[in-house]
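Chemist:
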């Protein structure tokens, strides 16, 4: 799982406020492939993985559905932020 970054991980990496990585993700998602560039974890299907990320303080407390980004996708966001 370490190859995938949460939106909170990316906001921290960028030193930005909550929502910055999410908005960047939403702009780029139509050009990316789910399962390759990003994953969407759903509470009913991926609850254990979400709780593991939550226990590690890698997701926002209010998040139910969790988006994970590949390192390559995260790099694209970081490159666009600079």
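In this note's numbering, the protein residues as written are 1085 to 1166. Each residue gets a CB set at the ideal place from its N, CA and C atoms; glycine is no exception.
1. Can you look up residue 1090 in the DSSP assignment and give me helix, strand or coil?
2. From residue 1085 to residue 1103, what distance separates their C-alpha atoms?
3. In the DSSP output, which residue or residues are listed as bridge partners for residue 1135?
4. Considering just the uninterrupted stretch of the beta strand (DSSP E) at residue 1047, what are its terminal residues?
5. Helix, strand or coil for residue 1166? Go by DSSP, reduced to three states.
6. To the nearest angstrom, report how far apart residue 1088 and residue 1122 are at their CA atoms.
7. Using only CA atoms, which one of 1141, 1112 and 1148 lies nearest to residue 1157?
Modeler: With the structure as the only source:
1. strand
2. A caution first: residue 1085 carries a pLDDT of 41, below 50, which makes its placement in the model too unreliable to give a value.
3. Paired residues: none, contrary to the question.
4. Residue 1047 is absent from the structure shown; the chain starts at 1085 and stops at 1166.
5. Here the model assigns residue 1166 a pLDDT of 48, short of 50, so the residue's position is not dependable and the matter cannot be decided.
6. 8 angstroms
7. 1112
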